[in-house]
Amino acid sequence: MVVDLGAIEGNYRKFRTLAPHSACGAVLKADAYGLGAARIAPFLGRLGCRHFFVADMEEGIALRDLIPSSARIYMLHGIMRGMEPAAEHHDLIPILNSREQLDAWLRHCRLRNRPLPAGIHVDTGLSRLGFPIDELQKVVESESALSDLPVVLFMSQLACAEWRDEVSRQQLYRFRKLTHLFPKAILSLSNSAGLFAGCEFHFDLIRSGGGIFGLSTSDDLDFKQSQVVRLGTRIIQCREVEIGEAIGYYRSYTVKRRMRVATASIGYADGFPRSLGNRGHVFIYGTRAPIVGFVSMDLITIDVTDLPESWTSPGTVVDLICPEQTVADMASAAKMLSDELTTGIGRRCRRLYVSAQRDDMRHQ
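Under the numbering used here, residues 115 to 478 are what the sequence shown spells out, in order.
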């Protein structure tokens, strides 16, 4: 897998331009959407990013020494009882999603006899994580200790920002009505898709994940995200297969003409979608070639009959994600989300980081 840091920089700067009055944070959960947080986090730190979001404590600890000490790391899953000392030690900020998490964090603050920063997440319509609105209002009104808690971030999550519909506007209305509860907190409602819902959704901080990695979908004509990811493999063997013979497990493809079939080194153990068997395509020297037979654990088989034999010798590069077939294209063919696809790409696919995509990269 080739990860283009230059494209990430371009997307990040575009996001900052589109929301000039808001900070742009980076969501790096799931190892930066499968692209490698250890390389991407310090790179974004050098670009000036000071707000990083992870799912849990393990991800946060892994980032702490990679980014500037002034940068904040927010744990979106909040805090589990017993994890409070480690969160404090590693300077991680829990996003408190429930009364139980709030009580645990307040208890730790009392034991330490010091206020420790936290974020508050309110559920405005996703019904997943976060305080219900009524419960949060009661907590703020009744919990005197909450006045001593440094709430540095107040956030919610849009359920379907891409649609720009009445549901998002209802969430905006609910969130805006609650912002007075935390007058000193940074306010954050929008993820990558929310950036395009309108400037009223931006508030103080955009939480960008898939967008800066070229994975979000936007029909905004003024925004063209740069593609960040390329994925390729190599041909191991090429063989002739006669009419009537079958290819792959369970004989799922029967040959209808004399065919040359190339076997390439990638499979579902590497995160290549099994659903692309007998229906997906790859590219060899920019020319499309169909996958025939099931995708197996480590291998795919490709019909290369119509390609020059000189293009299909062992060692030839096979492009899977490339300019001709983007992450979004492959994900759509596999009936997956783009970030679902990239987070599933396995560790056997070595990550190579470059500063700019080059046309000759497919032949390296």
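For glycine and all other residues, C-beta sits at the position ideal for the given N, C-alpha and C.
Keep in mind it's a predicted model, so treat the numbers as computed, not measured.
Same chain only: Cβ atoms within 6 Å of residue i, ignoring 5 sequence neighbours per side
{"i": "residue 404", "result": "395 and 417"}
{"i": "residue 347", "result": "378, 379, 380 and 432"}
{"i": "residue 419", "result": "373 and 374"}
{"i": "residue 206", "result": "174, 187 and 189"}
{"i": "residue 198", "result": "222"}
Short Cβ contact (7 Å threshold) for residue i with residue j
{"i": "residue 192", "j": "residue 208", "result": "yes"}
{"i": "residue 329", "j": "residue 453", "result": "yes"}
{"i": "residue 321", "j": "residue 174", "result": "no"}
{"i": "residue 369", "j": "residue 355", "result": "yes"}
{"i": "residue 465", "j": "residue 117", "result": "yes"}
{"i": "residue 286", "j": "residue 245", "result": "no"}
{"i": "residue 467", "j": "residue 142", "result": "no"}
{"i": "residue 308", "j": "residue 272", "result": "yes"}
{"i": "residue 386", "j": "residue 438", "result": "no"}
{"i": "residue 361", "j": "residue 430", "result": "no"}
{"i": "residue 363", "j": "residue 310", "result": "no"}
{"i": "residue 426", "j": "residue 144", "result": "no"}
{"i": "residue 460", "j": "residue 384", "result": "yes"}
{"i": "residue 136", "j": "residue 319", "result": "yes"}
{"i": "residue 166", "j": "residue 238", "result": "no"}
{"i": "residue 115", "j": "residue 455", "result": "no"}
Residue range of the unbroken alpha helix (DSSP H) whose run includes residue i
{"i": "residue 158", "result": "151-160"}
{"i": "residue 223", "result": "213-226"}
{"i": "residue 126", "result": "119-132"}
{"i": "residue 256", "result": "247-256"}
{"i": "residue 457", "result": "452-457"}
Run of the beta strand (DSSP E) containing residue i, from where it starts to where it stops
{"i": "residue 351", "result": "343-355"}
{"i": "residue 406", "result": "Here residue 406 belongs to no beta strand (DSSP E), and DSSP marks it neither H nor E."}
{"i": "residue 102", "result": "The structure shown does not extend to residue 102, since the chain is modelled only from 115 to 478, so the question has no answer here."}
{"i": "residue 233", "result": "232-237"}
{"i": "residue 209", "result": "207-210"}
{"i": "residue 466", "result": "466-468"}
Simplified DSSP state of residue i, which is helix, strand or coil
{"i": "residue 310", "result": "helix"}
{"i": "residue 382", "result": "helix"}
{"i": "residue 186", "result": "strand"}
{"i": "residue 374", "result": "strand"}
{"i": "residue 399", "result": "coil"}
{"i": "residue 419", "result": "coil"}
{"i": "residue 199", "result": "helix"}
{"i": "residue 304", "result": "coil"}
{"i": "residue 296", "result": "coil"}
{"i": "residue 444", "result": "helix"}
{"i": "residue 139", "result": "strand"}
{"i": "residue 321", "result": "strand"}
{"i": "residue 269", "result": "strand"}
{"i": "residue 413", "result": "coil"}
{"i": "residue 144", "result": "helix"}
{"i": "residue 369", "result": "coil"}
{"i": "residue 169", "result": "coil"}
{"i": "residue 339", "result": "coil"}
{"i": "residue 175", "result": "helix"}
7 Å CB neighbourhood of residue i in its chain, flanking five on each side removed
{"i": "residue 449", "result": "389"}
{"i": "residue 274", "result": "281 and 282"}
{"i": "residue 204", "result": "174, 175 and 178"}
{"i": "residue 371", "result": "357"}
{"i": "residue 296", "result": "234, 265 and 268"}
{"i": "residue 401", "result": "421"}
8 Å Cβ shell around residue i - same chain, five flanking residues per side excluded
{"i": "residue 202", "result": "222, 226 and 230"}
Residue i Cβ short of 6 Å to the ligand HEM heavy atom set
{"i": "residue 246", "result": "Looking at this structure, you won't find the ligand HEM or any other ligand, since it has none at all."}
Evaluate contact between the segment 122-130 and the segment 158-168, counting only Cβ atoms and requiring at least three cross-stretch pairs below 8 Å. Yes, the segment 122-130 touches the segment 158-168.
The segment 175-185 touching the segment 212-220, judged by at least three CB pairs closer than 8 Å: The segment 175-185 makes no contact with the segment 212-220: fewer than 3 CB pairs, one atom from each, lie closer than 8 Å.
I'd like to know if the segment 413-429 and the segment 439-449 are in contact, where contact means that at least 3 CB-CB pairs between them fall below 8 Å. No, the segment 413-429 does not touch the segment 439-449.
Closer than 8 Å is the cut-off here; do at least three beta carbon pairs connect the segment 291-303 with the segment 220-227? No: the two stretches stay apart, fewer than three of their Cβ pairs being nearer than 8 Å.
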